[in-house]
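Numbering (full-length UniProt numbering), first residue to last: 1 to 311. Take a look at the structure set out below.
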């Protein structure tokens with residue numbers, strides 16, 4: 001089944017060319033089904049790239065999904081025009097009285113700042129609190145995971161001596177967990193971050209379960225016991241060339257950036273990196289949508305509240 005997006009969204013053509021099933025509002029109105037309402041708070045500067053990456057994963061399920069892109073009203077984007085945001089995005093204020101089956105909050109290139117110094121921090125805190133009783137399950141990516149863990153649990157992020165940057169192998173710690181169904185014992189995933197959550201800090205909170213981690217990159221996947229919040233510290237959604245683009249961008253800026261680990265063949269940036277994480281990226285999003293959104297969210301979306309289960 002498709003994701004419902006505006007026909008003029010740039011990602012639509014890319015996804016259609018990849019045989020990802022998308023439909024516009026006109027066609028979706030003919031479907032006798034309640035689609036899942038999924039919000040995406042896109043904090044990334046390259047919004048069109050991130051839109052395509054996430055829609056590619058959300059569209060690879062048998063579920064019909066209605067997407068709402070959200071932008072921060074308290075932040076002026078330096079990379080996306082106001083016209084684009086006005087056309088394809090809504091602000092939190094315009095949806096605060098609505099309810100969503102699922103919410104995705106992306107990473108953001110602000111990890112070197114204290115949370116309180118991020119210009120949209122107060123607005124994001126409001127969204128996090130709102131999501132407790134207006135969203136059935138929220139999936140946080142990279143910096144958003146750190147922000148949510150700090151806001152809800154007081155778990156601090158810690159700066160690393162060197163950036164976790166590359167493709168790393170992870171071990172599944174609980175193969176019986178619904179989010180891990182179908183996963184191999186080990187799997188690869190991209191990381192790109194200067195900060196981390198310490199394992200011992202997360203372990204101090206019994207309501208959190210660490211589901212997958214890497215000896216090199218640390219925690220990758222963690223969930224609250226009822227699955228109302230899922231925390232992903234890496235970037236399963238990344239394209240084959242995303243790390244390469246980040247590497248070249250920082251090199252051109254004269255930054256001290258190492259070659260991404262376990263990424264380029266022979267660590268040679270002139271060679272094309274193979275993709276070894278796409279299948280598990282799809283599985284992660286499929287499992288989240290199926291087991292923690294579709295199977296659990298009430299048919300009457302207005303019944304979504306802050307309780308851990310819906311009868």
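We treat Cβ as the ideally placed atom computed from N, Cα and C, and that holds for glycine. Here the structure is a predicted model, which means the values were calculated and not measured.
*Can you round the beta-carbon distance between residue 51 and residue 42 to whole angstroms, since I take them to be within the 8 angstroms contact cut?*
Against the chain shown, residue 51 aligns to sequence position 51. Against the chain shown, residue 42 aligns to sequence position 42. Between residue 51 and residue 42, the beta carbon gap of about 7 angstroms places them in contact (Cβ cut-off 8 angstroms).
*asked:* So for residue 97, helix, strand or coil by DSSP?
replied: Residue numbering aside, residue 97 sits at position 97 when the chain shown is read from its first letter. Annotated three-state conformation of residue 97 is coil, per DSSP.
*the segment 196-206 contacting the segment 118-131, beta-carbon criterion three pairs below 8 angstroms*: The segment 196-206 is not in contact with the segment 118-131.
_Please list the terminal residues of the continuous beta strand (DSSP E) segment that includes residue 194._
Reading the chain shown from its first residue, position 194 is the one you call residue 194. According to the DSSP assignment, residue 194 belongs to the beta strand (DSSP E) that extends over 186-197.
*asked:* Is the separation between the beta-carbon of residue 189 and that of residue 236 shorter than 7 angstroms?
replied: The count along the chain shown starts at 1 and reaches residue 189 at position 189. The count along the chain shown starts at 1 and reaches residue 236 at position 236. The Cβ atoms of residue 189 and residue 236 sit closer than 7 angstroms to each other.
*Limits of the beta strand (DSSP E) - the one that residue 34 falls within*: Along the chain shown, read from residue 1 onward, the residue named residue 34 stands at position 34. Careful: residue 34 lies outside any beta strand (DSSP E) and carries neither H nor E.
_Run of the beta strand (DSSP E) containing residue 135, from where it starts to where it stops_ = Within the chain shown, residue 135 is the residue found at index 135, counting from 1. 135-141 is the extent of the beta strand (DSSP E) around residue 135.
*So residue 197 and residue 155 are in contact, right, with Cβ under 8 angstroms, and what is the actual spacing, rounded?*
Within the chain shown, numbered from 1, the residue matching residue 197 stands at position 197. Within the chain shown, numbered from 1, the residue matching residue 155 stands at position 155. The C-beta separation of residue 197 from residue 155 comes to about 6 angstroms, placing the pair in contact by the 8 angstroms criterion.
_For residue 31 and residue 64, what's the separation of their Cα atoms in angstroms?_
Counting from 1 along the chain shown, the entry for residue 31 is found at position 31. Counting from 1 along the chain shown, the entry for residue 64 is found at position 64. Low confidence applies here, because residue 31 scores a pLDDT of 46, under 50, leaving its location unreliable; read the following figure in that light. Those two C-alpha atoms are separated by around 9 angstroms.
_Contact set for residue 208: own chain, Cβ-Cβ below 7 angstroms, skip 5 residues either direction_ = Against the chain shown, residue 208 aligns to sequence position 208. Here residue 208 has 202, 222, 224 as same chain residues with Cβ atoms under 7 angstroms from its own Cβ, once five neighbours each way along the sequence are excluded.
*Anticipated Cβ contact below 8 angstroms, residue 285 with residue 57, distance rounded*: Walking along the chain shown from the start, residue 285 turns up at place 285. Walking along the chain shown from the start, residue 57 turns up at place 57. Indeed, because the Cβ distance is near 4 angstroms, the residues count as touching under 8 angstroms.
*Around the Cβ of residue 265, are there at least 16 other Cβ atoms within 10 angstroms (buried) or fewer (exposed)?*
Reading the chain shown from its first residue, position 265 is the one you call residue 265. By the 10 Å Cβ count, residue 265 comes out exposed.
_CB-CB length for residue 304 against residue 69, believed under 8 angstroms_ = If you number the chain shown from 1, residue 304 lands on position 304. If you number the chain shown from 1, residue 69 lands on position 69. About 20 angstroms separates the beta carbon of residue 304 from that of residue 69, a gap too long to meet the 8 angstroms contact definition.
*Apart from the five residues on each side of it in sequence, which residues of its chain come closer than 7 angstroms, Cβ to Cβ, to residue 46?*
Numbered from its first residue, the chain shown carries residue 46 at position 46. The beta carbon of residue 46 lies closer than 7 angstroms to those of 79 in the same chain, with the five residues before and after it left out.
*Alpha carbon to alpha carbon, how far is residue 99 from residue 302? Give it in angstroms, no decimals.*
What you label residue 302 is simply residue 302 of the chain shown in a count that begins at 1. What you label residue 99 is simply residue 99 of the chain shown in a count that begins at 1. Inter-residue distance for residue 302 and residue 99 is about 7 angstroms (C-alpha atoms, whole angstroms).
*Confirm, please, whether the CB-CB distance from residue 159 to residue 119 is below 7 angstroms.*
Here residue 119 is taken as the residue at index 119 of the chain shown, counted from 1. Here residue 159 is taken as the residue at index 159 of the chain shown, counted from 1. No, these two residues do not count as a Cβ contact at 7 angstroms.
_Applying the 10 Å Cβ sphere with the 16-neighbour rule, what's the burial state of residue 112?_
On the chain shown, residue 112 is found 112 positions in, with the first residue counted as 1. Under this definition residue 112 is an exposed residue.
*Look up residue 170 in the DSSP assignment and give the residues it is bridged to.*
As a working mapping, residue 170 is identified with position 170 in the chain shown. According to DSSP, residue 170 bridges with 187.
*Sequence-distant residues of its chain with Cβ nearer than 7 angstroms to residue 271 (five each side left out)*: The sequence position of residue 271 within the chain shown is 271, counting from 1. Residues 264, 265 of the same chain have their beta carbon placed closer than 7 angstroms to that of residue 271, with the five preceding and five following residues left out of the count.
*Euclidean distance between Cα positions of residue 267 and residue 274*: As a working note, residue 267 is residue 267 in the chain shown. As a working note, residue 274 is residue 274 in the chain shown. C-alpha separation (whole angstroms): 12 angstroms.
*Round the Cβ separation of residue 260 and residue 152 to the nearest angstrom and send it over; I've been treating them as touching at under 8 angstroms.*
Reading the chain shown from its first residue, position 260 is the one you call residue 260. Reading the chain shown from its first residue, position 152 is the one you call residue 152. With a Cβ gap of about 31 angstroms, residue 260 and residue 152 do not count as contacting.
*Measure the C-alpha to C-alpha separation of residue 199 and residue 145 and round it to an integer number of angstroms.*
Looking up residue 199 in the chain shown gives position 199. Looking up residue 145 in the chain shown gives position 145. Those two C-alpha atoms are separated by around 14 angstroms.
*Assign residue 219 to one of three DSSP states: helix, strand, or coil.*
Along the chain shown, one-based indexing puts residue 219 at 219. Here residue 219 sits in strand by DSSP.
*What does residue 158 pair with, by DSSP beta-bridge criteria?*
Along the chain shown, one-based indexing puts residue 158 at 158. Beta-bridge pairing links residue 158 to 196.
*Since residue 283 is in the alpha helix (DSSP H), which residue starts that stretch and which ends it?*
By one-based count along the chain shown, residue 283 stands at place 283. Note, residue 283: alpha helix (DSSP H), 278-287.
*What residues are listed by DSSP as bridge partners for residue 83?*
By 1-based counting over the chain shown, the position of residue 83 is 83. In the DSSP output, where bridge partners are listed per residue, residue 83 has none listed.
*residue 89 - containing beta strand (DSSP E), residue span*: Here residue 89 corresponds to residue number 89 of the chain shown, with the count starting at 1. Here the beta strand (DSSP E) through residue 89 covers 89-91.
_Could you tell me the alpha carbon to alpha carbon distance between residue 110 and residue 44, rounded to whole angstroms?_
Numbered from its first residue, the chain shown carries residue 110 at position 110. Numbered from its first residue, the chain shown carries residue 44 at position 44. Rounded to whole angstroms, the gap between the alpha carbons of residue 110 and residue 44 is 10 angstroms.
*Exposed or buried, which one is residue 53 when buried takes at least 16 other CB atoms within 10 Å?*
On the chain shown, residue 53 is found 53 positions in, with the first residue counted as 1. Its Cβ being crowded by 16 or more others within 10 Å, residue 53 is buried.
*Is it true that the CB of residue 103 sits closer than 7 angstroms to the CB of residue 138?*
For the purposes of this step, residue 138 is taken as the residue at position 138 of the chain shown. For the purposes of this step, residue 103 is taken as the residue at position 103 of the chain shown. Yes, these two residues count as a Cβ contact at 7 angstroms.
*asked:* Quick check on residue 254: buried or exposed, where buried means 16 or more other Cβ atoms within 10 Å of its Cβ?
replied: As a position in the chain shown, residue 254 is number 254, starting the count at 1. Burial call: exposed.
*Considering only residues of the same chain and omitting the five flanking positions on each side of residue 186, which have a CB-CB separation below 8 angstroms?*
Locating residue 186 in the chain shown gives position 186, where the first residue counts as 1. These residues qualify, in order along the chain: 169, 170, 171, 172.
*N- and C-terminal bounds of the beta strand (DSSP E) containing residue 68*: Here residue 68 corresponds to residue number 68 of the chain shown, with the count starting at 1. Under the DSSP assignment, residue 68 falls in the beta strand (DSSP E) whose first and last residues are 65-71.
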